[in-house]
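J.: Take 13 as the starting number for the sequence shown in the numbering used here and just add one per residue.
We put the CB at the ideal spot given by N, CA and C, even for glycine.
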Amino acid sequence: MFNSTKPLIICLPFAGSGASFFVPWQNLTDKVDIHPVQLPGREKRFMDSPFTDCHEAANGILEELQHSLSKERELIVFGHSLGAVLAFETAKRLEQSGFNVCRLIVSGSPDPWNQRSTRASDLECDDEFVEQVIKFSEFTHPALEDEMMKELLIPVLRADVTMHENYTPKSDLPAEFPIAALRGTQDLLVSDEQIRLWSKATKSEFQQKEFSGSHMYFVDNPKPLVDFFEDVSRPQ
């Protein structure tokens, strides 16, 4: 994959998810390469402590990626919800390190400067915390339906939600790369206006797009999103 000349889509996970979520997407396209990033605390990195700070996470992701990537290769960084702010911070670091970041694609997340008034990470009771996360996302992680798996997932989910809800950018300066901001048409967590405010995060082209569905619009049918990856990676 890293030796290919196709555009590389770097996929950052949403809260509680791992790299395996994105693996099936690799079979939906032959125009771009899909590279899922594995965060610590889950799947193959189960024994590693999860990040609780977005900036530390982005530094760790950069450290992992920079030894494998060519600086000439076209990179598109994608993330949904928590993954969106991780993608924003990672894309900035990649660009600052001399990599060819052609576009950032953010999905299902308010702009970086938006501070949420309703939080889940402050809830100490695990059941209340999980209930609030499900209410926010309109999505139940399959592991939450198995008591043993639920016990393993909750610490990672808490770490992810904490770093998302505590995130603030260290700079107000907009990025140089273009940004596409996406949401589901029925998303009750992130509004059309909140998505539009991502335009403040770039000096370059800004695109806004909606897909049919709720906050997790791509879970059951990722093909329209993967098709969008192909569309924005084509030479203009």
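#1: From Pro36, Pro19, Glu242 and Arg208, pick the residue whose C-alpha is nearest to that of Ser119; which is it?
#2: Which one or two residues does DSSP pair with Val89 in a beta bridge?
#3: Would you give the residue range spanned by the beta strand (DSSP E) that His47 belongs to?
#4: Quick one: using the 10 Å Cβ neighbour count with 16 as the cut-off for buried, is Glu101 buried or exposed?
#5: Look up Phe223 in the DSSP assignment and say whether it is helix, strand or coil.
#6: Report yes or no: is there a C-beta of chain B within less than 8 Å of the C-beta of Asp134?
#7: Any contact between the stretch 141-160 and the stretch 174-184? By contact I mean 3 or more CB pairs, one from each, below 8 Å.
#8: Taking the straight line between their C-alpha atoms, what separation do you get for His227 and Arg115?
#9: When we look at the beta-carbon of Asp199 and count the other beta-carbons within 10 Å, is it buried (16 or more) or exposed?
#10: Give every residue of the same chain whose Cβ lies closer than 6 Å to the Cβ of Ile21, excluding the five residues on either side of it in the sequence, and list them in chain order.
#11: Would you check if the stretch 212-226 and the stretch 158-173 touch, i.e. whether three or more CB-CB distances between them fall below 8 Å?
#12: Let me know the secondary structure DSSP gives Arg128 once reduced to three states.
#13: Who are Thr214's beta bridge partners in DSSP?
#14: Alpha carbon to alpha carbon, how far is Val35 from Ser183?
#15: Just the Cα atoms here: how many angstroms apart are Ala171 and Asp139?
#16: Looking only at C-alpha atoms, which of Leu135, Leu81 and Val97 sits nearest to Ile191?
#17: May I ask you to list the residues that DSSP assigns as paired with Ala193?
#18: I'd like to confirm something about Ala103: is its beta-carbon nearer than 7 Å to some heavy atom of the ligand ZN, or not?
#19: CA-CA distance, Gln206 and Gln127?
#20: Out of Arg57, Leu106, Leu51 and Asp60, point me to the one whose CA is closest to Glu188's CA.
T.: Working from what's here:
#1: In the sequence shown, the residue the question calls residue 119 occupies position 107. Ser119 has its Cα closest to that of Arg208, out of Pro36, Pro19, Glu242 and Arg208.
#2: To locate residue 89, count along the sequence shown from 1; it is residue 77. Val89 is bridged to Ile22 and Leu116.
#3: Residue mapping note: residue 47 aligns to position 35 of the sequence shown, counting from 1. Note, His47: beta strand (DSSP E), Asp45 to Pro48.
#4: Here residue 101 corresponds to residue number 89 of the sequence shown, with the count starting at 1. With 16 or more Cβ atoms within 10 Å of its Cβ, Glu101 is classed as buried.
#5: Walking along the sequence shown from the start, residue 223 turns up at place 211. Three-state DSSP puts Phe223 in a strand.
#6: Absent here is chain B; the protein component of the structure consists of one chain.
#7: no
#8: Looking up residue 227 in the sequence shown gives position 215. Looking up residue 115 in the sequence shown gives position 103. Each residue's Cα considered, the two are about 22 Å apart.
#9: Locating residue 199 in the sequence shown gives position 187, counting from the first residue. With 16 or more other Cβ atoms within 10 Å, it is buried.
#10: Along the sequence shown, read from residue 1 onward, the residue named residue 21 stands at position 9. Val44, Ile46, Ile88, Phe90 and Phe241, listed in sequence order.
#11: no
#12: For this step, residue 128 is matched to residue 116 along the sequence shown. Note: Arg128 maps to coil in three-state DSSP.
#13: Along the sequence shown, one-based indexing puts residue 214 at 202. BP columns for Thr214 point to Ala187.
#14: For the purposes of this step, residue 35 is taken as residue 23 along the sequence shown, with counting starting at 1. For the purposes of this step, residue 183 is taken as residue 171 along the sequence shown, with counting starting at 1. For Val35 and Ser183, the distance between alpha carbons rounds to 33 Å.
#15: If you number the sequence shown from 1, residue 171 lands on position 159. If you number the sequence shown from 1, residue 139 lands on position 127. Approximately 16 Å, taken between the alpha carbons.
#16: Here the question's residue 191 lines up with position 179 in the sequence shown. For Ile191, the nearest C-alpha among the options comes from Val97.
#17: The count along the sequence shown starts at 1 and reaches residue 193 at position 181. Val118 and Gln220.
#18: Within the structure as shown, the ligand ZN is missing, as the structure has no ligands at all.
#19: In the sequence shown, counting from the first residue as 1, residue 206 sits at position 194. In the sequence shown, counting from the first residue as 1, residue 127 sits at position 115. Rounded to the nearest angstrom, the two C-alpha atoms are 11 Å apart.
#20: Residue numbering aside, residue 188 sits at position 176 when the sequence shown is read from its first letter. Checked all of Arg57, Leu106, Leu51 and Asp60; the closest Cα to Glu188 is Leu106.
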